[in-house]
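>
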Amino acid sequence: MKLQSGTVQALYYSQKSNPLYSSPILQITTLSKFSFGPNEKYRYKANLSDGTHYMKAVFSSELANIFDSNEIARFYVIKLGSFTVRPKDNSNYLYIQSIAAYEKFESEFGHSVNISSGKPSFDPSGSNKNEEEVQKENSRQSVSPKSATNNEMHYATLSVNQEDVSKRFKEAANEDITDIKKIFPHKKTFKFKGRVVSKTEIKKFTTQKGDGQVFSFEIADCTGQIKCVAFSECVDTFYPLVENNKAYVISNVTVKPSNKKFSNNTSDFEIHLEKNTIITKVEDDNIPKYMFKFVKIADLASVGGVVDCLAVIKEAYPVGKITIKSTGRESAKRDLMIIDQTGSCRLTLWGPKAEEEYEKDNIICLGSVKVGDYNGINLTTVSNSQVIQNIELPEAIELLAWYEEKGRNIVIEKPKRIPKRSFISEVKDNSLEYATIQGSVVYLKEEGLFYEACPSETCNKKVLMEDNGIFRCEKCNYTFEKCNYRYMINIHVGDFTGQMWITIFDEGGKSLLGVTAAELKEMGECNPENVHNLIKGIYSKELQFRLRNKEENYNGDIKLRSSCLEISPVDYVFETKRMLEAIEKVSV
């Protein structure tokens, strides 16, 4: 971190448009403890210098433990987090609520003077420099401790020897460091060190309490990985500070249980950044740049959740724009087909990750991507996902060698989806949005099995026949001599817990009846009895139904409407194995 002359001036006069005001870096030249009364919490006050001027500052009582433990002391250079400029006795002072970063130094930069009175902060030699000498010193780009600069209008950058900085970084970083795997909620004061492996964008949200914002990042050391989360004001403080692939020492945080639904790291806990949290950038080559636990594509269905995956890009499709229903915002979306030695699946990239360039046959490394099972096993990026092309890892070299020898010219099937099974009673009682059930056909309404549909591939809406015998689609505003016929079947399905109505559309109808809607229409025109016999043949047939359910209001009565996304026959061999495994678990 570097001091910049003019920072104190920008703060003292509240020059908020000045770039030096937004993330001020200052040196503590004096430091002492005080209290407003015997029953009041004590605080620390200091003189903060930019090498040319200093101004008085008071630290929040929440930061007292940092100075009590000598984690920060006199001559340290600090980067302010949350602060305000307050008036007192015809002067101004800083009230500091959080420190974003700090570095350890042994002596003062320059000989600063009080911005409000012109008095020196501390000058043991008592020497005075004339204006010419001061201007010469201010013209230097770097100064060592104990050098002086006094030109209040000159914006000179004050720095130190880079080797000394690296040495001090390493010395400070290795003091009382807690391994990430040893972080638990009961630890009250600790610091830990790690490398940021992924960082999310800032997300805005609205609650009953008002508007808010949040961002998070994953940080890892040689022992494990943990998620760090910042809310509200902490986002403004820490978001600009944290960079991917950089190492940091972090202290003064809160530890809470993590939600494994949104993280695949090794920790059962997550870090919440607070106003008094301190994040210090350090140089550390001992922390690995990448830490992944790769899952093969064939194992995605059984592992589920959030995973790491290494694959080859088989196909790269163009980027598109999608409007997110929940926010109304537009987001970039791109699909890739990826493969490894065990299978293939679809990868969906969102946001800035979708707008990057992806080339066929490249190695792609995925960190913290979400496994889905809609229309087959797939992977989707989330806010903290990592996407790295042509990564240099032993596993990547091995995969590329396989692809060049065998994978380039073969077609690999997608892994079979193993959905979570639900009973009908569970679907109805809990109003599950998506569910897979296994049940028998109880009844099928033979009236209105299909409808006359628009022949356009992108429409499929119901059409009307006009007086001249021509079909008209009101959505497309086109007329057609012929229309398509598509299924819309209402079926009653039951298991041992209950029964429910399901609406089945065209693809599901073909799977259920074994003929297209047009073929069924022709069959009925030739001999209606054939249609009746076909429908009777599916009664009591046991099938698996993938459902999407939605609650709807009918005249004040809330009902669950279920539509079928997919119908599949029962795999009795697999079901037998599944039941035997369940029985074995119960017997144990």
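Mapping to the UniProt record's numbering: the sequence shown position 495 is 495, numbers consecutive.
Heads up, the beta-carbon is just placed ideally off N, CA and C, and yes, glycines get one too.
From a predicted model like this one, the values you see are computed outputs, not experimental measurements.
Taking 6 Å as the limit between beta carbons, can you name the residues of its chain near Val-369, skipping five residues before and five after?
On the sequence shown, position 369 is the one that residue 369 refers to. Only Leu-379, Thr-381 and Ser-385 meet the Cβ criterion.
> If you drop the 5 nearest sequence neighbours on each side, which residues of the same chain put their C-beta closer than 6 Å to that of Glu-163?
Translated into positions along the sequence shown, residue 163 becomes position 163. No answer about Glu-163 holds up, because its pLDDT of 44 lies below 50 and its placement is not dependable.
> Within 10 angstroms of its Cβ, does Thr-189 collect 16 or more other Cβ (buried), or is it exposed?
Within the sequence shown, numbered from 1, the residue matching residue 189 stands at position 189. Exposed.
> To the nearest angstrom, report how far apart Arg-561 and Phe-545 are at their CA atoms.
In the sequence shown, the residue the question calls residue 561 occupies position 561. In the sequence shown, the residue the question calls residue 545 occupies position 545. Straight-line Cα distance between these residues: approximately 14 Å.
> Taking the alpha carbon of Gly-498 as the reference point, which residue from Val-442, Asn-70, Asn-409 and Glu-392 has its own alpha carbon closest?
Position 498 of the sequence shown, counted from the start, is the residue given in the question as residue 498. That would be Val-442, whose Cα lies nearest to the Cα of Gly-498.
> Assuming the contact rule is C-beta atoms closer than 8 Å, Asn-244 and Glu-433 should be a hit. Round their C-beta distance to whole Å, please.
Mapped onto the sequence shown, residue 244 falls at position 244. Mapped onto the sequence shown, residue 433 falls at position 433. Actually they do not touch by this definition, with Cβ atoms about 34 Å apart.
> Could you give the DSSP three-state label for Glu-106: helix, strand or coil?
Start at 1 with the first residue of the sequence shown, and residue 106 comes out as number 106. DSSP places Glu-106 in coil when its eight states are reduced to three.
> Just verifying my parser: in three-state terms, what is the DSSP assignment at Glu-581?
Residue 581 sits at position 581 when you count from the first residue of the sequence shown. Here Glu-581 sits in helix by DSSP.
> Can you look up Cys-234 in the DSSP assignment and give me helix, strand or coil?
For this step, residue 234 is matched to residue 234 along the sequence shown. In the structure shown, Cys-234 sits in a helix (DSSP, three-state: H, G or I).
> Since Thr-348 and Asp-335 should fall inside the 8 Å C-beta cutoff, what is the C-beta to C-beta distance between them, to a whole number of angstroms?
Taking the first residue of the sequence shown as 1, we reach residue 348 at position 348. Taking the first residue of the sequence shown as 1, we reach residue 335 at position 335. Correct: roughly 6 Å between the Cβ atoms.
> Please name the residue in Lys-406, Gln-341, Gly-304 and Tyr-76 whose C-alpha comes closest to that of Tyr-374.
Here the question's residue 374 lines up with position 374 in the sequence shown. Closest option to Tyr-374, Cα to Cα, is Gly-304.
> If I follow the unbroken beta strand (DSSP E) through Ser-383, where does it start and stop?
Mapped onto the sequence shown, residue 383 falls at position 383. First-last of the beta strand (DSSP E) with Ser-383: 378-389.
> Look at the alpha carbon of Val-573 and the alpha carbon of Met-579, and state the distance between them as a whole number of angstroms.
Taking the sequence shown and counting its residues from 1, the one referred to as residue 573 is at position 573. Taking the sequence shown and counting its residues from 1, the one referred to as residue 579 is at position 579. Near 10 Å, if we compare the C-alpha coordinates of Met-579 and Val-573.
> Does DSSP classify Gln-341 as helix, strand or coil?
Mapped onto the sequence shown, residue 341 falls at position 341. Note: Gln-341 maps to coil in three-state DSSP.
> On the three-pair Cβ rule with 8 Å, is the segment 219-229 touching the segment 85-96?
Touching, no.
> From the DSSP output, in three-state form, read off Thr-7 for me.
By one-based count along the sequence shown, residue 7 stands at place 7. Correct three-state label for Thr-7: helix.
> If we ignore side chains and look at the alpha-carbon of each, how far apart do Ser-568 and Leu-444 end up?
Reading the sequence shown from its first residue, position 568 is the one you call residue 568. Reading the sequence shown from its first residue, position 444 is the one you call residue 444. About 17 Å.
> Helix or strand or just coil, what does DSSP make of Ser-117?
Counting from 1 along the sequence shown, the entry for residue 117 is found at position 117. Coil.
> From which residue to which residue does the alpha helix (DSSP H) around Gly-508 run?
In the sequence shown, residue 508 corresponds to position 508, counting from 1. Where Gly-508 is concerned, the enclosing alpha helix (DSSP H) stretches over 506-513.
> Name the residue from Glu-474, Thr-237, Glu-466 and Ile-437 whose alpha carbon lies nearest to the alpha carbon of Cys-454.
Stepping through the sequence shown from its first residue, residue 454 is reached at position 454. That would be Glu-474, whose Cα lies nearest to the Cα of Cys-454.
> For the pair the segment 292-312 and the segment 269-277, tell me if three or more CB-CB distances fall below 8 Å.
With the cut-off at 8 Å, the segment 292-312 and the segment 269-277 do not touch.
> With His-532 as the anchor, note down where its beta strand (DSSP E) starts and where it stops.
The count along the sequence shown starts at 1 and reaches residue 532 at position 532. Segment 528-536 is the alpha helix (DSSP H) holding His-532; no beta strand (DSSP E) there.
> In the structure shown, what three-state DSSP assignment does Asp-467 receive?
One-based indexing of the sequence shown puts residue 467 at position 467. In the structure shown, Asp-467 sits in coil (DSSP, three-state: anything other than H, G, I, E or B).
> Taking one C-beta from the segment 459-474 and one from the segment 516-532 each time, how about it: are there three or more such pairs within less than 8 Å?
The segment 459-474 is not in contact with the segment 516-532.
> With DSSP run on the structure shown, which of helix, strand or coil describes Asn-138?
Here residue 138 is taken as the residue at index 138 of the sequence shown, counted from 1. Here the model assigns Asn-138 a pLDDT of 39, short of 50, so the residue's position is not dependable, and the following value carries that caveat. Note: Asn-138 maps to helix in three-state DSSP.
> By Cβ distance, which residues of its chain are closer than 6 Å to Lys-41, with the 5 residues on each side in sequence left out?
In the sequence shown, counting from the first residue as 1, residue 41 sits at position 41. Cβ within range, chain order: Ser-61.
> From which residue to which residue does the alpha helix (DSSP H) around Leu-399 run?
Position 399 of the sequence shown, counted from the start, is the residue given in the question as residue 399. 394-405 is the extent of the alpha helix (DSSP H) around Leu-399.
> Pop quiz: Lys-191 and Ile-177 are said to be a contact at Cβ under 8 Å. What is the actual Cβ separation, rounded to whole angstroms?
Here residue 191 corresponds to residue number 191 of the sequence shown, with the count starting at 1. Here residue 177 corresponds to residue number 177 of the sequence shown, with the count starting at 1. The Cβ separation is near 6 Å, so the contact holds.
> Between the C-alpha atoms of Ile-338 and Ile-363, what's the straight-line distance to the nearest angstrom?
Residue mapping note: residue 338 aligns to position 338 of the sequence shown, counting from 1. Residue mapping note: residue 363 aligns to position 363 of the sequence shown, counting from 1. In a straight line, the C-alpha of Ile-338 is about 9 Å away from that of Ile-363.
> Taking the alpha carbon of Leu-366 as the point to measure from, which residue in Met-1, Val-312, Val-77 and Pro-318 has its own alpha carbon closest?
Residue numbering aside, residue 366 sits at position 366 when the sequence shown is read from its first letter. Checked all of Met-1, Val-312, Val-77 and Pro-318; the closest Cα to Leu-366 is Val-312.
> In whole angstroms, what is the alpha-carbon distance linking Gln-389 and Lys-353?
For the purposes of this step, residue 389 is taken as the residue at position 389 of the sequence shown. For the purposes of this step, residue 353 is taken as the residue at position 353 of the sequence shown. Distance between the alpha carbons of Gln-389 and Lys-353: 12 Å.
> Measure the beta-carbon distance from Gln-15 to Asp-50 and round it to whole angstroms, keeping in mind my assumption that it falls under 8 Å.
Within the sequence shown, the letter at position 15 stands for residue 15. Within the sequence shown, the letter at position 50 stands for residue 50. Actually they do not touch by this definition, with Cβ atoms about 13 Å apart.
> Skipping 5 residues on each side, what residues in its chain have a beta carbon closer than 7 Å to that of Asn-477?
Start at 1 with the first residue of the sequence shown, and residue 477 comes out as number 477. Within the same chain, Asn-477 has no close Cβ partners at all.
> Could you compute how far the alpha carbon of Asn-409 sits from the alpha carbon of Gln-341?
Looking up residue 409 in the sequence shown gives position 409. Looking up residue 341 in the sequence shown gives position 341. Going by the C-alpha atoms only, they are around 13 Å apart.
> I need the DSSP call for Ser-568, collapsed to helix, strand or coil.
Sequence index remark: in the sequence shown, residue 568 carries index 568 (1-based). DSSP places Ser-568 in strand when its eight states are reduced to three.
> Give the single residue among Ile-78, Glu-103 and Ser-116 whose Cα lies nearest to the Cα of Tyr-93.
The residue labelled residue 93 in the question sits at position 93 within the sequence shown. Ranking Ile-78, Glu-103 and Ser-116 by Cα distance to Tyr-93 puts Ser-116 first.
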